[in-house]
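Residue numbers (this note's numbering), protein chains in the order written: chain D, 582 to 876; chain Y, 582 to 876; chain A, 582 to 876; chain F, 582 to 876.
Working notes, structure below.
Protein chains: 4
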Amino acid sequence: MANIAFIGLGNMGGPMASNLLKSGHQVAVFDLFPEAVAKLVSEGASTADKVSECVKDAEFIVSMLPAGKHVEGLYIGDDGLINYIKPGSLVIDSSTIDKGTVIKVSTELANKDINFVDAPVSGGVGGAQAGTLSFMVGGNVADFNLAKPILENMGKNIFHAGSHGAGQVAKVCNNMLLAVLMSGTAEALQLGMDNGLDAEVLSDIMLQSSGRNWTLEVYNPCPGVMENVPSSNDYNGGFMTNLMAKDLGLAMDTAVQSQSSTPMGALARNLFALHAGQGNGSKDFSSIIKMFKKT
Amino acid sequence: MANIAFIGLGNMGGPMASNLLKSGHQVAVFDLFPEAVAKLVSEGASTADKVSECVKDAEFIVSMLPAGKHVEGLYIGDDGLINYIKPGSLVIDSSTIDKGTVIKVSTELANKDINFVDAPVSGGVGGAQAGTLSFMVGGNVADFNLAKPILENMGKNIFHAGSHGAGQVAKVCNNMLLAVLMSGTAEALQLGMDNGLDAEVLSDIMLQSSGRNWTLEVYNPCPGVMENVPSSNDYNGGFMTNLMAKDLGLAMDTAVQSQSSTPMGALARNLFALHAGQGNGSKDFSSIIKMFKKT
Amino acid sequence: MANIAFIGLGNMGGPMASNLLKSGHQVAVFDLFPEAVAKLVSEGASTADKVSECVKDAEFIVSMLPAGKHVEGLYIGDDGLINYIKPGSLVIDSSTIDKGTVIKVSTELANKDINFVDAPVSGGVGGAQAGTLSFMVGGNVADFNLAKPILENMGKNIFHAGSHGAGQVAKVCNNMLLAVLMSGTAEALQLGMDNGLDAEVLSDIMLQSSGRNWTLEVYNPCPGVMENVPSSNDYNGGFMTNLMAKDLGLAMDTAVQSQSSTPMGALARNLFALHAGQGNGSKDFSSIIKMFKKT
Amino acid sequence: MANIAFIGLGNMGGPMASNLLKSGHQVAVFDLFPEAVAKLVSEGASTADKVSECVKDAEFIVSMLPAGKHVEGLYIGDDGLINYIKPGSLVIDSSTIDKGTVIKVSTELANKDINFVDAPVSGGVGGAQAGTLSFMVGGNVADFNLAKPILENMGKNIFHAGSHGAGQVAKVCNNMLLAVLMSGTAEALQLGMDNGLDAEVLSDIMLQSSGRNWTLEVYNPCPGVMENVPSSNDYNGGFMTNLMAKDLGLAMDTAVQSQSSTPMGALARNLFALHAGQGNGSKDFSSIIKMFKKT
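Dropping the structure here:
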């Protein structure tokens, strides 16, 4: 069993840290919200007043933070953990951030002999609780192999995407594609309904034809076609439009940096931004089908 | 066994008629190309000098023609088959055409007590030969039930999409969605590669994540990732960009008629038209990934 | 002064016929609405019970109808005017319709020695009343020269766009571009406002820079920047979103027919369709800026 | 006459500094390329070994650098000019950079009582040489009024866009709109040509109609329609596709930051990136019309 520090105990990080505890690891936790810390402590975690205190004995440091600036500030800021983490330790950052920050942070940590993998997740809060997340990992093979057993305590599919930053790239590519699948599926279903077809019949036909995709399989955007999906719960729960819009923003940054052309992804980004701007930011992203429905 | 007339023996119609013969039906065939007719006759079909002669004893008339104007001209033109087909017979039109023509033709035929279903297919030439096509059928339930056993001799999945024209609508919705899936997948893969990821690794990750779709499953657009797909054969064979562009044109017509908004499908239509216009019209439609690759 | 028949006395056709009367021509009018006819008769026009009666002495026949099917039905239907118009006469069709119908109708009329130009207009109801319309004319030079003095009684700019159908093509190209200008200008202004800029200041800067375009010059979509434009009248009056959507539908048809790629125009078509579908169809098309404003 | 330091003597900065000298100012120049410095010195400028030396007596510091990181590094880096510029001086940064960097740099400078305006330009190398640039200025009114007479020595239109960063926002809004105008105009012209219209005739019609915009007025993308524009010089000279793509990247960043939806601008960004990726990055941006022309 390993000695792990876990930083960032939000909707995702909290249950992830819980699963590490359940697997028998020694976990020192830190978060700015005392309630979040208290919950984990009640489950057996230790904590400390300062984050620097939490990491000083850790072999693994796992972080789950909102944005690149937080990751940069935590590790390499003036009073960054770079000055406290033991050489030879492995930082596993599961935040969804830009590749540029990954390269900057991992390079500086390497100068102090601290190892790093980026390991963003997919699977949502449900996956975090159930321990069925997917991890897309960027870093060298040795570090990936070291991280893998730890990640398997929190997730089901652990992918090695490539070198530093590749985990982030894989995640933005996947989520950009997901946005394309969802908006494309939504407008195809609505086009069919506008022309007299039944949503369930058309869904079934496309699911068994070349239009088949993840959204038709497990996340149909039309209310009533599937049970236990956000569309059948007034688009509550699931993956918020605002979060999809955030990931699409990262995808656009990535494409601008590499001077890539992603017209479909860019249009999807703007459709989800439009949908969020019309007041649907906190609804599940499958609610985009409502945009295509004529009033 | 039924008495069937089959009109239109092209790349699709020829093997479809063959499969009807193999199932033991009596088939009278017609096409403007004598070679196409001769091949089917050698397999046991009958024929006649005039198409009107072919249909006079038929219980079922199957047609497979290039465009709506041909279907309209064949059935309800001045010397149309409407004057020769026996009342009570069933016309099964498998051409991919616009819903408006379906309504016009089926309505006029109904006046002479001739039944009609639209039954466009997906599955390509390979599916036509193997008898594994999917049929999307529009028409009333009784006619669908009558058509089904005949269609099962040529295909595997027989869907009842709804009333007259619904088969065509289902097909354009599915193919519009397929175009979205392919162009979206292509640009996501290229974005990953532009940022250092391996196409096969990224394909594998997205296939097991929420980016999963038919193109990643069976039709990967990156050369070398899958065997026996067009991308691994220099984009030869498969579904030509020009044919995808034609289907997307029908989807745009459908959307304009119903005043529907299909931004993703419309962009895909224009990307495939651009790709065709740059000289790739006769290449498989998965070759669109080449458009996103920087020179 | 000429002997003119005028068919179609709607919002546009009525004032156009009025202007011909004011110029001193003899005008025989026809419309299905008796009130529309009565108004023109009170201004000096003649009429008849049947449209065929109205055209029998005419040297010029001007028509202004809603769609291609009406034009086709009027001139070449079973009881079409083709059987009544004097050989050597000139038909000036000002309806906005598809090029295909223009070619079909003009070709059939030519067989009876009846000349034809397509002459769609821009300038709206205001332009029709003021006699300041623009006409985009398709047809041969001789017919254009014959039509020009008549058109000058109803408009200000008379363009010879090319052969039959070219007037329609010019109009859909212009209106597709206008839709692009308006949606692009709207989102640029909203982006500026979202980042703290004043709409009037930004409008002024772009008007004097390379972003200058017709919408910034005379039709600013932001309320309060200009007087006497629809945006300063709650988007009433002006050019209805539904009509722009109709013209964009024709543009899409044109692009599909010629297999042209028009990604910007296609996206504009879908944005205006979306805007209409959200209940803004009868508002001026500049109201699209409301779509980009976050709630 | 003022004491001015000018930093960054590239294609734009060089001629701008020249024009300040011609207006009679004392100008101390700095650049990493000795040749660029030597040219200005031969025209009367002074220089120094270190950039910190150049600015110590300056009332105005003008900078023209490639990207935000250069501006940040110059002014507020460890050895930044913030430590050398006299309190009360005014920094005029004419680089095209992101609003975030403007806010960061101007805020830090303000702490040392150094004033700042962002003043990006449009008008290109030709405008820099002729002294006819447009400046879009962000900052407070007093600083704008102070900067204005200096800027008038280098440009013709000096706009006050708003507070710090507003100059940058105005520029990206304008250039995003320009990209929309150019791509929209290009595809409208090509659609017309694909349907038999002459580019010059259609340009003329749209120029006098509601499709009128800056590109049709002074920068027609069709070869031969206008003299002395890049399209009539094989798309050499002018505004490179790569530079337009860079500005569109900044526009996308801006839109992502403010969560704005700019579908037309985003599509234009991706079309220009596609065009650059197909080998046209160093051609004028009006060459995008070649993308729409079928081979």
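Don't be surprised by glycine CBs; every beta carbon is placed ideally from N, CA and C.
Residue i CB to nearest heavy atom of the ligand FAD below 6 Å
{"i": "D:VAL722", "result": "In the structure shown, the ligand FAD is absent, as is every other ligand, since no ligand is present at all."}
Nonlocal neighbours in the same chain, by C-beta distance under 8 Å from residue i, ignoring five residues either side
{"i": "D:MET821", "result": "GLY862, SER863, LYS864, ASP865 and PHE866"}
{"i": "Y:GLU798", "result": "LEU788"}
{"i": "F:GLY818", "result": "PRO811 and ASP865"}
Sequence-distant residues of the same chain with beta carbon closer than 7 Å to residue i, five excluded per side
{"i": "A:GLY743", "result": "GLY719"}
{"i": "D:HIS606", "result": "MET582, ALA583 and ILE585"}
{"i": "F:ILE678", "result": "ALA648, GLY649, VAL652 and GLN749"}
{"i": "Y:GLU624", "result": "SER599 and LEU602"}
{"i": "F:THR682", "result": "GLY649, VAL652 and GLU653"}
{"i": "Y:LEU694", "result": "Note that residue 694 of chain Y is Asp in the sequence shown, not Leu. Answer for Y:ASP694: PRO668 and GLY669, listed in chain order."}
{"i": "A:ASN801", "result": "SER784, MET807, VAL810 and SER812"}
CB contact check: residue i to chain A, cutoff 7 Å
{"i": "Y:ASN756", "result": "no"}
{"i": "Y:VAL837", "result": "yes"}
{"i": "Y:GLY830", "result": "yes"}
{"i": "F:PHE587", "result": "no"}
Residue i: first and last residue of the uninterrupted alpha helix (DSSP H) it sits in
{"i": "D:LEU852", "result": "844-856"}
{"i": "Y:ASN756", "result": "747-775"}
{"i": "F:LEU727", "result": "722-733"}
7 Å Cβ cutoff, residue i in contact with chain D
{"i": "A:GLY860", "result": "yes"}
{"i": "Y:PHE576", "result": "Nothing can be reported for residue 576 of chain Y, as the shown portion of chain Y is limited to 582 through 876."}
{"i": "F:ALA767", "result": "no"}
{"i": "A:LYS875", "result": "yes"}
{"i": "Y:ASP679", "result": "no"}
{"i": "Y:ARG850", "result": "no"}
{"i": "Y:ASN738", "result": "yes"}
Within-7 Å CB hit, residue i to chain Y
{"i": "A:ASN692", "result": "no"}
{"i": "D:PHE930", "result": "Given that chain D is displayed from residue 582 to residue 876, the structure contains no residue 930 of chain D and the question cannot be resolved."}
{"i": "A:VAL722", "result": "no"}
{"i": "F:LYS864", "result": "no"}
{"i": "D:SER842", "result": "yes"}
{"i": "D:ASP674", "result": "no"}
Residue i and residue j closer than 7 Å at C-beta
{"i": "A:LEU602", "j": "F:GLY765", "result": "no"}
{"i": "D:LEU714", "j": "D:GLY707", "result": "no"}
{"i": "A:ILE657", "j": "A:ILE663", "result": "yes"}
Sequence-distant residues of its chain with Cβ nearer than 6 Å to residue i (five each side left out)
{"i": "D:THR628", "result": "VAL610, VAL618 and VAL622"}
{"i": "D:LEU600", "result": "Contrary to the premise, residue 600 of chain D reads as Asn rather than Leu in this sequence. Excluding positions up to five away in sequence, the list reads GLY712, ASN734 and MET735."}
{"i": "F:ALA700", "result": "ILE673, SER675, PHE716, VAL718 and GLY748"}
{"i": "F:MET597", "result": "ALA709 and MET735"}
Residue-level contact to chain F via CB, residue i, 7 Å cutoff
{"i": "D:LEU855", "result": "yes"}
{"i": "Y:THR822", "result": "no"}
{"i": "A:SER812", "result": "no"}
{"i": "A:MET833", "result": "no"}
{"i": "D:GLY847", "result": "It is worth fixing the name first, because residue 847 of chain D is Ala in this sequence and not Gly. At least one chain F Cβ lies under 7 Å of D:ALA847."}
{"i": "A:MET787", "result": "yes"}
CB-CB length for residue i against residue j, believed under 8 Å
{"i": "D:GLU781", "j": "D:PHE873", "result": "Actually they do not touch by this definition, with Cβ atoms about 17 Å apart."}
{"i": "D:VAL761", "j": "D:ALA849", "result": "5 Å"}
{"i": "Y:SER784", "j": "Y:LEU770", "result": "7 Å"}
{"i": "Y:CYS754", "j": "D:GLY777", "result": "Going by Cβ atoms, the distance from Y:CYS754 to D:GLY777 rounds to 12 Å, so no, they are not a contact pair."}
{"i": "F:ALA728", "j": "F:LEU671", "result": "6 Å"}
{"i": "A:SER841", "j": "Y:ALA857", "result": "About 10 Å; that fails the 8 Å criterion."}
{"i": "A:GLY746", "j": "A:ILE684", "result": "6 Å"}
Delimiting residues of the beta strand (DSSP E) encompassing residue i
{"i": "Y:ILE673", "result": "671-674"}
{"i": "D:LYS737", "result": "736-743"}
{"i": "Y:VAL806", "result": "Looking at the DSSP string, Y:VAL806 is not in any beta strand (DSSP E), and its letter there is neither H nor E."}
{"i": "F:GLN607", "result": "607-611"}
{"i": "D:ALA619", "result": "Taken as a continuous stretch (DSSP letters only), D:ALA619 belongs to no beta strand (DSSP E), being part of the alpha helix (DSSP H) at 615-623."}
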